[in-house]
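Colleague: This note's numbering puts the first residue of the sequence shown at 1, with every later residue one more than the last.
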Amino acid sequence: DEDSGPWTSPVALGVYRVSFSRGLPIRKSSERDSPVVGLLERGQYVEVVETQVKGDRVRARCLVSSDGGDSMSSANGWISLFNAVTGSSGASAVPLGAYVAVAESGCTVTDGGSITSKVRETLARGSCVKIVATRIEDGEVRGLIATGGHVTLISSEKASATKGIQRIQEADQATHHLMPVPCGIYQIIYPNGLAVSAGVEEDTPVTIKLDVETRIQVVETSVENGRVRGRIVSYVVKNDKRKKLENGWIDLFESSRRWCKFAFA
């Protein structure tokens, strides 16, 4: 018998970081034998705007800021995102979900995607927001906040062009202004235990209450009223190695209070 699924998920658009150690060639078209127009080094960020399946590869059309300015056109083309057979990936997506502001001076939120757009507010260090989309603007990785506005997630030195094939150098001085809340295994540290709710909103029905020191597997994060919430799919109680399935949402932390601690990915 088959379960209810889902069995597939779409390949996300947005910003990716090149993770392949030897970098990735940028080709003129989605065909894998089309001319090479550029080379991406490991650590370079690109914006994926379209995907296609070509044989066993998922190909992605990407925009690259490569001329030291605001232009996104000098090395645009197609890269291999991952191998559908082996599961190996040449680039990893900048994650969506809950983020925490880590910049000492806070993070500026603008109305539009550009860093020169009208300032909306400033996030104090420790503030939690939900990022629902990413893009590259003015050479920076920008995130769209669920409640409105755009914020710089990552900034780095501008890449420089070389003669011949465009070679995009790895950013040596990448600065993270907000950090994603990781998925993985968390441990409940709140003495009274925590309730698991059916939905991400805190006023949805409680499905189960878990005791302190229970370990939970978090697969997705969100932010509700400044509080980071995690979607769990299983848990293990103290002194019991058996994993039990449970699908719901639980409080992780907020800027001044913590209910769970991260154990491992």
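Just so you know, even glycine gets a beta-carbon here, dropped at the ideal spot from N, CA and C.
Short check: CB of residue 210 to CB of residue 186, under 8 Å?
Modeller: no
Colleague: On the DSSP letters alone, give me the boundaries of the beta strand (DSSP E) that residue 178 sits inside.
Modeller: 178–180
Colleague: Using a Cβ-Cβ cutoff of less than 6 Å, which residues in the same chain neighbour residue 257 once the five nearest sequence positions on both sides are dropped?
Modeller: Cβ neighbours of residue 257 within its own chain (closer than 6 Å, five residues either side excluded): none.
Colleague: Can you give me the C-alpha to C-alpha distance between residue 135 and residue 60, rounded to a whole angstrom?
Modeller: Within the model, the alpha-carbon separation for residue 135 versus residue 60 is close to 15 Å.
Colleague: Please check if any C-beta of chain B sits within less than 8 Å of the C-beta of residue 99.
Modeller: The structure shown has no chain B; it contains just one protein chain.
Colleague: Decide if residue 72 is buried, meaning its Cβ has at least 16 other Cβ atoms within 10 Å, or exposed.
Modeller: The pLDDT assigned to residue 72 is 46, lower than 50, so where the model puts this residue is not dependable, and the model offers no usable value.
Colleague: Taking 8 Å as the cut-off, decide whether the C-beta atoms of residue 101 and residue 77 are in contact.
Modeller: The answer is no: Cβ separation not under 8 Å.
Colleague: Please give the ranges of any beta strand (DSSP E) in the segment 182–240, keeping only runs that are unbroken, at least 3 residues long and fully inside the region.
Modeller: 184–188, 194–197, 206–210, 215–224 and 227–236
Colleague: Here's a check: name, in chain order, each residue in its chain whose Cβ is nearer than 8 Å to the Cβ of residue 14, leaving out the five neighbours to either side.
Modeller: These residues qualify, in order along the chain: 47, 48, 93, 94, 96, 133, 134 and 135.
Colleague: What is the DSSP secondary structure of residue 44, counted as helix, strand or coil?
Modeller: In the structure shown, residue 44 sits in coil (DSSP, three-state: anything other than H, G, I, E or B).
Colleague: Compute the Euclidean distance between the alpha carbons of residue 99 and residue 25, then round it to the nearest angstrom.
Modeller: Approximately 31 Å, taken between the alpha carbons.
Colleague: At the level of alpha carbons, what is the spacing between residue 36 and residue 192?
Modeller: 59 Å
Colleague: Between which two residues does the beta strand (DSSP E) holding residue 63 run?
Modeller: 57–63
Colleague: Going by C-alpha distance, which of 249, 201 and 80 is nearest residue 217?
Modeller: 249
Colleague: Considering only the beta carbon of each residue, do residue 228 and residue 196 sit closer than 8 Å?
Modeller: no
Colleague: Per DSSP, what are the beta-bridge partners of residue 82 in this structure?
Modeller: 58 and 89
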